[in-house]
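Here is the structure we will look at.
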Amino acid sequence: MVNILIINGPNLNNLGLRDTSMYGTTTLKDIESMLLDQAKSLNVDLQFFQSNTEGSIVDKIQELSKGIDGVIINPGALTHYGYSLRDALEDTKLPVIEVHISNIYAREEWRSKSVISSIAVGQISGLGYRGYEMALQEMTRRISGK
Numbered sequence: 039m040v041n042i043l044i045i046n047g048p049n050l051n052n053l054g055l056r057d058t059s060m061y062g063t064t065t066l067k068d069i070e071s072m073l074l075d076q077a078k079s080l081n082v083d084l085q086f087f088q089s090n091t092e093g094s095i096v097d098k099i100q101e102l103s104k105g106i107d108g109v110i111i112n113p114g115a116l117t118h119y120g121y122s123l124r125d126a127l128e129d130t131k132l133p134v135i136e137v138h139i140s141n142i143y144a145r146e147e148w149r150s151k152s153v154i155s156s157i158a159v160g161q162i163s164g165l166g167y168r169g170y171e172m173a174l175q176e177m178t179r180r181i182s183g184k
C-alpha cells in the first residue's frame with residue numbers, strides 16, 4: 039500500500055482562525071479528515087505531521103523517510119528560507135509536492151521565492167485547501183503508476 043507523509047509547517051495549526059480572508063475557515067483538522075476520506079478511495083495510507091519549528095520537521099522527515107513513498111508539504115513561512123528542510127526532503131530521494139493554500143506569487147514579493155520548489159516534482163499554489171486533494175491524487179498516481 040502507498041504511504042504518504044503530509045507535513046504542515048509553521049502557523050498552519052491555526053488554519054480557520056488566522057486571516058480567514060486569505061486562508062478561509064477550514065481548519066487543519068478539516069483538511070486532514072477530508073484527505074483521510076480521499077485516501078480510503080485511493081487505497082493509500084497517510085501520516086500527518088505539523089510543527090511550528092523547522093528542526094522538528096526535519097527530524098520527522100529523517101525518522102519516517104524509509105517507511106514512506108512520498109511527501110506532500112505545505113512549508114508555510116519555511117518556503118522562503120527553510121534550507122535545512124529543503125535538504126532533508128532532497129536527501130530522502132522521494133517525490134515531493136509543495137502545496138500552498140494562498141497564491142504565493144500574488145502576495146508580497148518575498149513570498150514568491152520558494153527554496154523547496156526546485157526539489158519538488160510539482161507545486162500547487164492558490165487553490166485553497168483543494169490543493170491538498172489535488173496533490174494527494176497526483177502523488178498517488180506518480181507512486182502507483184496509475
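In this text, residue positions in the sequence shown follow this note's numbering: the first is 39, and each later residue adds one. We treat Cβ as the ideally placed atom computed from N, Cα and C, and that holds for glycine.
CA-CA distance, residue i and residue j?
| i | j | result |
| --- | --- | --- |
| Ser122 | Ile45 | 15 Å |
| Asp129 | Pro113 | 17 Å |
| Ile69 | Gln100 | 24 Å |
| Met39 | Gly108 | 12 Å |
Helix, strand or coil for residue i, going by three-state DSSP, please let me know.
| i | result |
| --- | --- |
| Leu43 | strand |
| Asn52 | helix |
| Ile181 | helix |
| Val132 | A small correction: the amino acid at residue 132 is Leu; Val does not occupy that position in the sequence shown. Note: Leu132 maps to coil in three-state DSSP. |
| Ile99 | helix |
| Ser163 | strand |
| Ile157 | helix |
| Thr58 | helix |
| Gly93 | helix |
| Tyr119 | coil |
So, for residue i: in the same chain, excluding its five sequence neighbours on each side, which residues have a beta-carbon less than 6 Å away from its beta-carbon?
| i | result |
| --- | --- |
| Gly187 | The structure shown does not extend to residue 187, since the chain is modelled only from 39 through 184, so no value can be given for it. |
| Asp83 | Met39, Asn41 |
Please go through the same chain and pick out, in chain order, the residues whose beta-carbon is closer than 8 Å to the beta-carbon of residue i, but skip the five residues on each side of it.
| i | result |
| --- | --- |
| Ile157 | Arg124, Leu127, Glu128, Val134 |
Give me the DSSP bridge partner(s) of residue i.
| i | result |
| --- | --- |
| Leu84 | Ile42 |
| Gln76 | For Gln76, which the question treats as bridged, DSSP gives no partner whatsoever. |
| Ile110 | Ile44, Ile135 |
Just mark residue i as buried or exposed, buried being the case when its beta carbon has 16 or more other beta carbons within 10 Å.
| i | result |
| --- | --- |
| Tyr167 | buried |
| Ser79 | exposed |
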